[in-house]
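So that you can map any letter, position 72 of the first sequence is 72 in full-length UniProt numbering, and since no number is skipped, the others follow by simple counting. One structure is given below, encoded as structure tokens.
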Amino acid sequence: MCLSSRILNGKTRYFSTLRSSHTENKCILSVPVSSLSHHHLPILLSRATVSGLLLKLPLVHSVLRSLSLGPTPSLSFSFLSLLRRFANMTLDNYSLNIAISAAARVPSLDVGSQFHALSLKLSLASDSFVLNALINMYSSCNYPASARLVLDSAPRWASDVVSWNTIIAGYIRGGMPNKALQSFHQMAKEQVRLDEVTLLNVLVACARTGAMKVGSLCHALVVLNGFEINCYIGSSLVSMYAKCGMVEEARRVFNRMPERNVVCWTSMIAGCTQSGRFKEAVDLFRDMQIAGVKADDATIATVVSSCGQMGALDLGRYLHAYCDGHGLGKELSVKNSLIDMYSKCGDVNKAYQIFRGLTKRDVFTWTVMIMGFAMNGLCVEALDLFAQMEGEDKVMPNEVIFLGVLTACSHGGLVEQGYHHFHRMSKVYNLVPRIEHYGCMVDLLGRAKLLAEAEQFIKDMPVAPDVVVWRSLLFACRASGQVGLAEYAAERIEQLEPKRCGGHVLLSNVYATTSRWVDVNNVRTGMGNSRTSKKPGCSFIEVDGCIHEFFAGDESHFETEAICNTLFGINELLVAESFLILLPPTITKGQIAQVIVDFLEVAVSCVVFLKGFYPPRAFERRRYMNVVVQKAVHPQLAGYIHSATSGLLPFIQKGLVERVVVIFYDKAHVPVEKFVFKLAVNQSYGSKIEEASLEFALRAFLIKLAVAEPLTRTLPSDGSWEIAAYFRSLPPDGEKEAQLWIPTDTKQWMQPPQITPIKSMSCDPVKMQLYLEQPSRTEPRDPPTEP
DNA sequence: ATAGGGTTAG
1 MCLSSRILNG
11 KTRYFSTLRS
21 SHTENKCILS
31 VPVSSLSHHH
41 LPILLSRATV
51 SGLLLKLPLV
61 HSVLRSLSLG
71 PTPSLSFSFL
81 SLLRRFANMT
91 LDNYSLNIAI
101 SAAARVPSLD
111 VGSQFHALSL
121 KLSLASDSFV
131 LNALINMYSS
141 CNYPASARLV
151 LDSAPRWASD
161 VVSWNTIIAG
171 YIRGGMPNKA
181 LQSFHQMAKE
191 QVRLDEVTLL
201 NVLVACARTG
211 AMKVGSLCHA
221 LVVLNGFEIN
231 CYIGSSLVSM
241 YAKCGMVEEA
251 RRVFNRMPER
261 NVVCWTSMIA
271 GCTQSGRFKE
281 AVDLFRDMQI
291 AGVKADDATI
301 ATVVSSCGQM
311 GALDLGRYLH
321 AYCDGHGLGK
331 ELSVKNSLID
341 MYSKCGDVNK
351 AYQIFRGLTK
361 RDVFTWTVMI
371 MGFAMNGLCV
381 EALDLFAQME
391 GEDKVMPNEV
401 IFLGVLTACS
411 HGGLVEQGYH
421 HFHRMSKVYN
431 LVPRIEHYGC
441 MVDLLGRAKL
451 LAEAEQFIKD
461 MPVAPDVVVW
471 RSLLFACRAS
481 GQVGLAEYAA
491 ERIEQLEPKR
501 CGGHVLLSNV
511 YATTSRWVDV
521 NNVRTGMGNS
531 RTSKKPGCSF
541 IEVDGCIHEF
551 FAGDESHFET
561 EAICNTLFGI
571 NELLVAESFL
581 ILLPPTITKG
591 QIAQVIVDFL
601 EVAVSCVVFL
611 KGFYPPRAFE
621 RRRYMNVVVQ
631 KAVHPQLAGY
641 IHSATSGLLP
651 FIQKGLVERV
661 VVIFYDKAHV
671 PVEKFVFKLA
681 VNQSYGSKIE
691 EASLEFALRA
701 FLIKLAVAEP
711 LTRTLPSDGS
721 WEIAAYFRSL
731 PPDGEKEAQL
741 WIPTDTKQWM
751 QPPQITPIKS
761 MSCDPVKMQL
771 YLEQPSRTEP
781 RDPPTEP
């Protein structure tokens, strides 16, 4: 037995409570609270009773409190029953409050409702502490309606703000934010004075429901009441505004906050991610590190999601490594967003590797992996995975996962399977298909060219078709040239969305495939005359870990059309030669380098042609990969390009070449323009690749190059040009193959160059980007803003 | 006594 205060090092709450409430500084057991277990209780009781300590009520309370707040709150129940049985103690309101709070912490509805009965029996249920503890207990056990019942059946004077705050929080926790808002209104009607916690909770409810008006009202109330915009209130304000689609307002609140912790930063970053401002999200993440605030798993999850959505693989990989270096990323949400990011960036193997390494998987995990397989064309794998999930029977499918399953069916042309899963969704899992699911089905039927069936399906839908549904149908009409149906769908879109450009582009494409060029023109000019405008598309390119964001401007519209038409032509060629798709020849890793080298030779030739550096007769029109290209035929020119590109073969095979650059100089040998081919060949990639898919990916570069001239600058006369290769690491001096390559002393620009992307692609294991580097113009060019 | 941010989507 220990009765000396010296031994109590004050480390645990149990001992410190004893000390603060008791001047005698006496201890009844020298075991820290964290290692107390049930078998200590009788000892505790007997020693306390013997020494007469526990019969003093404040001490009973402090022991109970310590047990209730400790790692095993249920100990307080046992101790209480021992006290009642052996020390004849009756429960007062305070002990009851502690016991109920312990039941909330476990949480145990069973024990909690027993204490509820006990408080009614002892007429203590109207004590405001007991009342609030009961409300909290039902809320914590996810019985918000019961919590509400307790409040409503108590006398008015017994409840206060805390009661209402707890009710509101309980509805939010139970996934009923609308009920939370209702309670807030009721609370106002009963003229209960709100406090900071009320507003904080209501802001969360607004964020969940998108109740923008109530949210702004809360903001006003924060200011009117003179509440400080601290980290708590600030975070929920930022989150509320972002979720209600008012990112600008969120940013304004964020910028004005006097103090910011991880949660504030994460709210703002997540706000950007959720509203498609991916680059801003990444920039904020950098600012956060500069501000010296450490990221946690929530931060990483949302930044990784941004990377995935803009295809920034390098940055995504950096974040992955950052996690490992900072002990982060252990939470499932981070793993999920990494799987999603790798899939979206085209590295399904890496995604699946992470997926397989997980011991725990939630709905998100399965959804992102199924989606990842589906979007990378591995449709059977996606369906197999869904079957595996159902077999494991640990995770309950939700609506979103079925979108992934249906997308897989749609992309894989698996009509039967699509119907099967669509029906199972409601029959087996009691999930009501939403408009998105109907959209998937229309897409599925349309892609399978079952247009009549798709049309009938739309007619039979229990929900009104939206623009996406009509667009899927309209898109499907293109392949079958069904002009009449296409026009009907376009009309529906026009009705639903008169201000947007709607189905015009798609409709004009249907006309184009049926060679109705007059109609194509009518639609196009109609678009220009009326106020319909296309929302600018946005793309990203990642250069040395730096993200560049681009909006499709009106100027580039003409080229877009040319590219689309060329692509349609290619599509038709592919359809005509569909045996290629049925029996795809595969090539090995060694052959990949050869394909790339051949491609580079042609591409460099096209670049030089495009710049008009030599007279056109130095080139010849040739067919390469089914597109028309300009191949150099002048002996010296062709010889230079051939030897330079083919000399790269051994280094590309070893994965040593990072960039192949065509540089144009002025007469002072200062670069005027660079065409950069950034290259990555994954060396660890094991399996073979389809030659057709690699060719298809590379061909897109040649098509883009053919129309890239307007993006480039006029060359000064008497300049020069050369082919340069940037190596990841330099080959040893003695190597024979390396002797062709000499270090170049290209002058550098003073300012970072202006980057213009031309094309990027990812076709495992090859990734390639083509972009222009030009010296910066003095005045920055703003991207066109959205209408 | 009650309290903030995060991952999937046709």
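Beta carbons are placed, not taken as given, at the ideal position from N, Cα and C, and that holds for glycine.
Cβ shell of residue i (< 6 Å), same chain only, five flanking positions each side left out
{"i": "His116", "result": "Leu134"}
{"i": "residue 791", "result": "In the structure as shown, the chain begins at 1 and stops at 787. Residue 791 is therefore absent and cannot be evaluated."}
{"i": "Val400", "result": "Thr367"}
{"i": "Pro716", "result": "Asp666"}
{"i": "Leu485", "result": "Cys477"}
{"i": "Ala638", "result": "Ala632"}
{"i": "Cys141", "result": "Pro107, Leu109"}
{"i": "Gly346", "result": "Ser762"}
Residue span of the beta strand (DSSP E) that contains residue i, given as start and end
{"i": "Val628", "result": "627 to 632"}
{"i": "Glu722", "result": "720 to 727"}
{"i": "Pro671", "result": "671 to 681"}
{"i": "Val657", "result": "657 to 665"}
{"i": "Phe184", "result": "Note, Phe184: premise wrong, no beta strand (DSSP E); alpha helix (DSSP H) at 177 to 189."}
{"i": "Ser171", "result": "Sequence inspection shows Tyr at residue 171; the Ser mentioned does not correspond to that position. Where Tyr171 is concerned, there is no enclosing beta strand (DSSP E), although the alpha helix (DSSP H) it sits in stretches over 161 to 173."}
{"i": "Tyr419", "result": "Looking at the DSSP string, Tyr419 is not in any beta strand (DSSP E); the run it does join, the alpha helix (DSSP H), is 415 to 427."}
{"i": "Glu620", "result": "619 to 624"}
Residues of its chain near residue i, where Cβ-Cβ distance is below 7 Å and the 5 sequence neighbours each way are ignored
{"i": "Arg621", "result": "Val628, Gln630"}
{"i": "residue 813", "result": "Since the displayed the chain opens at 1 and closes at 787, residue 813 lies outside it and no answer follows."}
{"i": "Ala479", "result": "Lys449"}
{"i": "Gln591", "result": "none"}
Beta-carbon contacts of residue i that lie in its chain and below 8 Å, excluding the five residues immediately before and after
{"i": "Val293", "result": "Arg260, Asn261, Val262, Trp265"}
{"i": "Arg356", "result": "none"}
{"i": "Ala158", "result": "Ser126, Asp127, Ser128, Leu131"}
{"i": "His38", "result": "Leu75, Ser78"}
Three-state secondary structure (DSSP) of residue i
{"i": "Lys121", "result": "helix"}
{"i": "Leu451", "result": "helix"}
{"i": "Thr714", "result": "coil"}
{"i": "Cys345", "result": "coil"}
{"i": "Lys294", "result": "coil"}
{"i": "Tyr438", "result": "helix"}
{"i": "Gln482", "result": "coil"}
{"i": "Lys767", "result": "strand"}
{"i": "Phe609", "result": "helix"}
{"i": "Tyr241", "result": "helix"}
{"i": "Ser37", "result": "coil"}
{"i": "Ile277", "result": "A quick correction: the sequence has Arg, not Ile, at residue 277. Arg277 falls in the coil class under three-state DSSP."}
{"i": "Pro757", "result": "strand"}
{"i": "Ser108", "result": "coil"}
{"i": "Glu709", "result": "helix"}
{"i": "Glu735", "result": "coil"}
{"i": "Glu497", "result": "coil"}
{"i": "residue 789", "result": "With the chain covering only 1 through 787, there is no way to say anything about residue 789."}
Residue i and residue j closer than 9 Å at C-beta
{"i": "Met761", "j": "Ala680", "result": "no"}
{"i": "Leu199", "j": "Val222", "result": "yes"}
{"i": "Leu44", "j": "Val60", "result": "no"}
{"i": "Ile339", "j": "Ile354", "result": "yes"}
{"i": "Gly175", "j": "Tyr138", "result": "no"}
{"i": "Leu203", "j": "Ile233", "result": "yes"}
{"i": "Phe727", "j": "Leu772", "result": "no"}
{"i": "His421", "j": "Leu431", "result": "no"}
Where the alpha helix (DSSP H) through residue i begins and ends
{"i": "Arg105", "result": "93 to 105"}
{"i": "Arg777", "result": "Per DSSP, Arg777 belongs to no alpha helix (DSSP H) and is neither H nor E."}
{"i": "Tyr640", "result": "635 to 646"}
{"i": "Ala668", "result": "Taken as a continuous stretch (DSSP letters only), Ala668 belongs to no alpha helix (DSSP H), as it is neither H nor E."}
{"i": "Leu702", "result": "691 to 706"}
{"i": "Asn398", "result": "First-last for Asn398: undefined, no H or E at that position."}
{"i": "Lys137", "result": "Contrary to the premise, residue 137 reads as Met rather than Lys in this sequence. It spans 128 to 140 - the alpha helix (DSSP H) in which Met137 sits, taken as one unbroken run."}
{"i": "residue 790", "result": "This structure cannot speak to residue 790, because the chain is shown only from 1 to 787."}
If you scan the region 321 to 379 from start to end, which runs of the alpha helix (DSSP H) of 4 or more residues do you find wholly inside it? Secondary structure within the region 321 to 379: the alpha helix (DSSP H) runs of 4 or more consecutive residues, fully enclosed, are 332 to 344, 348 to 356, 363 to 375 (chain order).
Which parts of the region 203 to 274 are runs of the beta strand (DSSP E), unbroken and 3 residues or longer, counting only runs that do not cross its ends? none
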